[in-house]
Amino acid sequence: MSKWALVTGASSGLGVEFARQLACRGYNLVLAARREETLTQVANELLADPGNPGNLEIRVFPVDLQDASGVHRLYEFCKAKGIAISVLVNNAGFGDHGYFQSGDEKKFSDMIDLNCRSLTSLIHVFLPDLIEQGKATGDGAPGISRILNVASVAAFQPGPFMAVYYATKAFVLSLTEALWKEFRIAGFPVTATALCPGPVKTGFQQTAGLREGSFANNARIPGPREVAAFGLKKTFKGRRVATHGLMFKISRGLLRILPQRAVLSTVARLQAARLNS
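So this is what it looks like as structure tokens:
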């Protein structure tokens with residue numbers, strides 16, 4: 001039985017690495033992002049990679065998931081191709097940085113649409129297929145479908161100067177944890193994992209308007225390959241939350257006991273230092 005994974009935001013950064021590593025795990029791929037030319041280039045590179053299976057199949061679907069109809073058009077594309085998804089990677093998303101009152105309302109709306117609404121819709125639309133595929137057997141063992149939602153360590157506390165972005169990632173974390181429990185109660189053969197990395201060496205920093213070199217210890221910031229490998233490892237283990245990096249795991253624990261006022265002040269100082277001047 002052929003296995004299919006869907007990766008959104010697959011044209012760069014973490015999305016490309018998720019796709020590459022899922023191919024190595026024996027999954028055929030549906031790659032979704034806005035830029036068709038870049039998606040096609042990624043697909044061709046993966047097909048030419050000697051480390052990938054020779055029978056690897058890849059379908060690309062250019063789509064703007066900020067558009068409410070995009071999710072359903074993506075699903076209809078998969079159904080028309082006879083593709084049943086058993087791994088869903090919700091990686092598409094973006095951030096913004098600056099004073100809330102100076103922010104662009106449309107950008108806020110687009111961010112909420114992409115980071116929250118489309119992610120929710122993708123899970124809801126593809127869930128019947130994920131359940132059905134999870135019931136299937138492969139290599140003599142029961143199959144389990146997987147959902148990987150890319151959240152962030154930003155999900156663990158409010159974020160002055162990135163208020164909307166932090167709020168969207170808190171939504172992703174909360175939704176994922178709730179679904180993880182719901183699926184277990186319902187007995188669905190599906191797991192849900194929220195990947196919560198810190199800064200990653202991708203194009204996110206520039207898109208979010210962060211000052212170049214604004215992160216301390218830039219040399220220690222992990223690349224997308226490392227973070228994607230960690231996320232997939234935890235996803236296939238069925239973990240509810242996957243926090244990348246020892247420092248952030250410790251910070252997550254401290255956030256449970258520190259006064260919220262102190263947390264807000266610390267985050268505000270860090271983000272204010274990263275404002276583009």
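By the count of the UniProt record's numbering, the sequence shown reaches residue 277 at its end, each step adding exactly one.
For every residue, glycine included, the Cβ atom is placed at its ideal position computed from N, Cα and C.
Quantities reported herein were computed from a predicted structural model and do not represent experimental measurements.
Assuming V164 and M111 form a contact by the criterion Cβ under 8 Å, report the distance between their Cβ atoms to the nearest whole angstrom.
-> Confirmed, about 6 Å.
Hey, out of A242, P199 and V241, whose CA is closest to I221's CA?
-> Selected option, being the one with the closest Cα: P199.
Using 10 angstroms around the beta-carbon of P224, count the other beta-carbons present and answer buried if the total reaches 16, otherwise exposed.
-> buried
With burial defined as no fewer than 16 other Cβ atoms inside 10 Å of the residue's Cβ, what is the status of A228: buried or exposed?
-> A228 is classed as buried because its beta carbon has at least 16 other beta carbons within 10 Å across all chains shown.
Taking DSSP as the reference, what is the three-state secondary structure of V153?
-> Three-state DSSP puts V153 in a helix.
What residue does the alpha helix (DSSP H) around Q62 start on, and which one ends it?
-> The question names Gln, but residue 62 in the sequence shown is Pro. Element bounds for P62: not the alpha helix (DSSP H) but the beta strand (DSSP E), I58 to P62.
Beta-carbon gap between residue 289 and A192 smaller than 9 Å = Outside the displayed range of the chain (1 to 277) lies residue 289, so it cannot be described from this structure.
Own chain residues within Cβ distance below 7 Å of V71, not counting five before or after = L65, S118, S121, L122 and V125
Rounded C-alpha distance that separates T8 from V16 | 10 Å
In the structure shown, what three-state DSSP assignment does A33 receive?
-> If DSSP states are grouped into helix, strand and coil, A33 belongs with the strands.
Using the Cα positions of G26 and Q101, report the straight-line distance between them to the nearest angstrom.
-> Approximately 47 Å, taken between the alpha carbons.
D129, buried or exposed, once every other Cβ within 10 Å from all chains shown has been counted against 16 = Burial call: buried.
Are V150 and G93 closer than 9 Å when you measure CB to CB?
-> yes
Every unbroken alpha helix (DSSP H) within the segment 80-147, with a cutoff of 4 residues, ordered by chain | 105-112 and 119-135
Through-space distance from I131 to R146, alpha-carbon basis | 10 Å
Reducing DSSP to helix, strand and coil, say where N44 ends up.
-> helix
If you follow the alpha helix (DSSP H) that V16 is part of, which residue opens it and which one closes it?
-> G13 to C24
Within 9 Å, strictly: CB atoms of A23 and N52 | Yes, they are a contact pair.
Three-state secondary structure assigned by DSSP to V241 | strand
So which of A155, S86 and L56 has the shortest CA-CA distance to K135?
-> S86
Is the beta carbon of L6 sitting closer than 9 Å to the one on C116?
-> no
Give the straight-line distance between the Cα atoms of Q133 and D49, rounded to the nearest whole angstrom.
-> 27 Å
Quick one: grab the DSSP three-state call for V71.
-> helix
What does a CB cutoff of less than 7 Å around S152 pick up in its chain, not counting 5 residues either side in sequence?
-> In its chain, beyond the 5 residues on either side, K169, C196 and P197 have a beta carbon closer than 7 Å to the beta carbon of S152.
So which of E182, R184 and L232 has the shortest CA-CA distance to A194?
-> Residue L232 is the option with its Cα nearest to A194.
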